[in-house]
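Visitor: Those protein sequences? They're chains U and W, same order as listed.
Sequential numbering from 466 applies to the first sequence in our numbering.
Sequential numbering from -19 applies to the second sequence in our numbering.
All C-beta atoms in this analysis are idealised placements derived from N, C-alpha and C, irrespective of residue type, glycine included.
Sharing a structure below in structure tokens format, with a few things to ask.
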Amino acid sequence: SAVISQKPSRDICQRGTSLTIQCQVDSQVTMMFWYRQQPGQSLTLIATANQGSEATYESGFVIDKFPISRPNLTFSTLTVSNMSPEDSSIYLCSVQGRGAYGELFFGEGSRLTVL
Amino acid sequence: AQKVTQAQTEISVVEKEDVTLDCVYETRDTTYYLFWYKQPPSGELVFLIRRNSFDEQNEISGRYSWNFQKSTSSFNFTITASQVVDSAVYFCALSVPEGSQGNLIFGKGTKLSVKP
Chain U
466 SAVISQKPSR DICQRGTSLT IQCQVDSQVT MMFWYRQQPG QSLTLIATAN
516 QGSEATYESG FVIDKFPISR PNLTFSTLTV SNMSPEDSSI YLCSVQGRGA
566 YGELFFGEGS RLTVL
Chain W
-19 AQKVTQAQTE ISVVEKEDVT LDCVYETRDT TYYLFWYKQP PSGELVFLIR
31 RNSFDEQNEI SGRYSWNFQK STSSFNFTIT ASQVVDSAVY FCALSVPEGS
81 QGNLIFGKGT KLSVKP
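So, in structure tokens, the structure goes:
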């Protein structure tokens, strides 16, 4: 399994500001995935971050709101832009195990509270 | 459309009791994958098991066991002799090849509280 580190682990943000979450993996991976977990809810995939190409966003998520960078095979960032209280969530970075449709391994998440 | 239903929102048991967490899934695909994850209070999601649709064998791992039944579209998870450390939210998830590779469809989770 991969070791995934996320920063920050938690933050309190003001409405209208933006915050960038970093994700570092201890091995090279082709795809990295960003999930959101709203309070008391399940997890939803935001986007897939591929190295060297634009991220692929799921329905309901757009690049202007959640820009993603993937500068190399071990690192990615997710920015939550122009935050509102509805963006208060846990944001999780994940990578896939071996083989297509393998299990996902998750970081500890970044818990954001927007006031 | 794919869907995962975990009807039990919260379960509370006393230590050493057995407990079963239910998971019912919906998909029209014949090839799919099912997962269980544990999310302790710390927040990290811990992978427990992955099962593909062609493997209906039940699995046992220590105190954990899983019962996969395609006839009822269920993939239930049983913890035997529960312990306080089992207290967590447990998620069942589904993925299909037609979707994005990393797109797991998660259920809403079952919060398990094990009291001493």
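Rank U:Ile528, U:Ser524, U:Gln487, U:Gly574 by C-alpha distance to the C-alpha of serine 553 of chain U and give the top, closest one.
Guide: U:Gly574
Visitor: What are the partner residues of aspartate 476 of chain U, as DSSP defines its beta bridges?
Guide: U:Leu577
Visitor: Are three or more beta carbon pairs between the stretch 62 to 76 of chain W and the stretch -7 to 4 of chain W nearer than 8 Å?
Guide: Taking 8 Å as the limit for Cβ pairs, the verdict is that the stretch -7 to 4 of chain W does touch the stretch 62 to 76 of chain W.
Visitor: Between the stretch 47 to 59 of chain W and the stretch 527 to 539 of chain U, are three or more C-beta pairs nearer than 8 Å?
Guide: Touching, no, given that fewer than three Cβ pairs across the two stretches are closer than 8 Å.
Visitor: CA-CA distance, glycine 517 of chain U and isoleucine 511 of chain U?
Guide: Near 18 Å, if we compare the C-alpha coordinates of isoleucine 511 of chain U and glycine 517 of chain U.
Visitor: Evaluate alanine -13 of chain W with the Cβ neighbour count: other Cβ atoms within 10 Å of its Cβ, from every protein chain shown; 16 or more gives buried, anything less gives exposed.
Guide: It is exposed - the Cβ of alanine -13 of chain W has fewer than 16 other Cβ atoms within 10 Å.
Visitor: Figure out for me which residue from W:Val(-1), W:Ser93, W:Tyr13, W:Pro21 has the closest Cα to the Cα of threonine 60 of chain W.
Guide: W:Val(-1)
Visitor: For alanine -19 of chain W, count neighbouring C-beta atoms within 10 Å of its own C-beta (all shown protein chains included) and say buried if the count is 16 or more, exposed if not.
Guide: exposed
Visitor: Count Cβ pairs between the stretch 469 to 477 of chain U and the stretch 487 to 494 of chain U that sit closer than 8 Å; are there 3 or more?
Guide: yes
Visitor: For lysine 88 of chain W, which residues in the same chain have their Cβ closer than 6 Å to its Cβ, ignoring the five residues on either side in sequence?
Guide: Same-chain partners within the cutoff: Gln(-14).
Visitor: With asparagine 32 of chain W and tyrosine 13 of chain W assumed to form a contact (beta carbons below 8 Å), what rounded beta-carbon distance in angstroms separates them?
Guide: 5 Å
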